[in-house]
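Residue 1 is where the sequence shown starts when you use full-length UniProt numbering, and the numbers rise one by one after that. Ideal Cβ placement from N, Cα and C applies to all residues, glycine included. Predicted, not measured: the structure shown is a model, and the values here were computed from it.
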Amino acid sequence: MTATTGKAGRSAKLKMGDGGGPEIFTAVANIASVTGPNETMTMLDGTHLDSGEFTEKIPGMKDGGQVAMNCHFDPTNATHDASTGLKKKFDDKTLTNFQIDLTAIWATNNLISFAAYVNLGPIQIAPNEIITREVTLEVSGAVTWSTAA
């Protein structure tokens with residue numbers, strides 16, 4: 001039997017760029033989970049009169065999709081707040097560079113980079129649970145995979 005090459009997600013980081021040159025990326029605080037990006041491609045109908053009984057498809061434009069995250073909400077943290085954090089990016093409609101950094105897990109192909117707009121989801125509050133917030137990053141443009149320097 002072959003052993004799995006799968007890895008646990010511990011030590012992964014979602015980082016947000018500051019827009020500077022050179023750009024500095026800071027880990028967004030208290031991320032509990034990240035899902036995405038869910039890249040898709042529009043399929044165009046290429047069916048014509050000689051296609052027979054099946055449709056023919058042609059690839060169209062690609063879409064970087066979304067990255068969803070759930071975080072332990074902290075409005076006093078610089079990566080969450082309204083002066084420099086996710087709330088500021090949302091309020092200002094700022095296209096921001098992000099990275100999913102997997103360098104602590106894999107040696108190669110460990111950096112997923114994309115630009116996105118921030119959408120802020122609900123803050124969830126319950127008496128015996130950590131206060132959380134759902135955040136969706138709407139990817140604009142390409143998603144790239146690289147090896148961190």
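With distance defined between alpha-carbon atoms, name the residue in the options nearest to residue i.
i, options, result
"isoleucine 31", "Ala12, Gly46, Ile24, Phe25", "Ala12"
"phenylalanine 98", "Lys15, Lys7, Ala3, Arg10", "Lys15"
"isoleucine 100", "Lys57, Leu120, Gly19, Phe25", "Phe25"
"alanine 149", "Asn110, Phe114, Val135, Asn128", "Asn110"
"cysteine 71", "Lys62, Ala104, Phe90, Val34", "Val34"
"serine 102", "Glu23, Ala3, Thr4, Ala27", "A small fix is needed here, since residue 102 is leucine in this sequence, not serine. Cα-wise, what sits closest to leucine 102 is Ala27."
Return yes when the Cβ of residue j is within less than 8 Å of the Cβ of residue i, no when it is not.
i, j, result
"threonine 40", "glycine 21", "no"
"valine 143", "proline 37", "yes"
"threonine 96", "glycine 17", "yes"
"aspartate 81", "lysine 87", "yes"
"threonine 42", "glycine 60", "yes"
"glycine 121", "glutamate 134", "yes"
Who are the Cβ neighbours of residue i in its own chain at under 7 Å, not counting the five residues just before and after it?
i, result
"alanine 78", "Thr84, Gly85"
Below 6 Å CB to CB, which residues in the same chain sit around residue i once its five sequence neighbours on both sides are set aside?
i, result
"isoleucine 58", "Leu44, Gly46"
"serine 113", "Gln99, Thr144"
"serine 146", "Leu111"
Assuming the contact rule is C-beta atoms closer than 8 Å, residue i and residue j should be a hit. Round their C-beta distance to whole Å, please.
i, j, result
"threonine 136", "phenylalanine 73", "Contact doesn't hold; Cβ gap of about 15 Å is too wide."
"alanine 29", "valine 67", "Contact flag wrong, Cβ pair sits at about 16 Å."
For residue i, I'd like the list of residues in its chain whose CB is within less than 8 Å of its CB, leaving aside the five on either flank, ordered along the chain.
i, result
"tryptophan 106", "Lys7"
Self-check item: Sequence ranges, alpha helix (DSSP H) only - wholly within the region 38-102, length at least 4
Solution: 86-91
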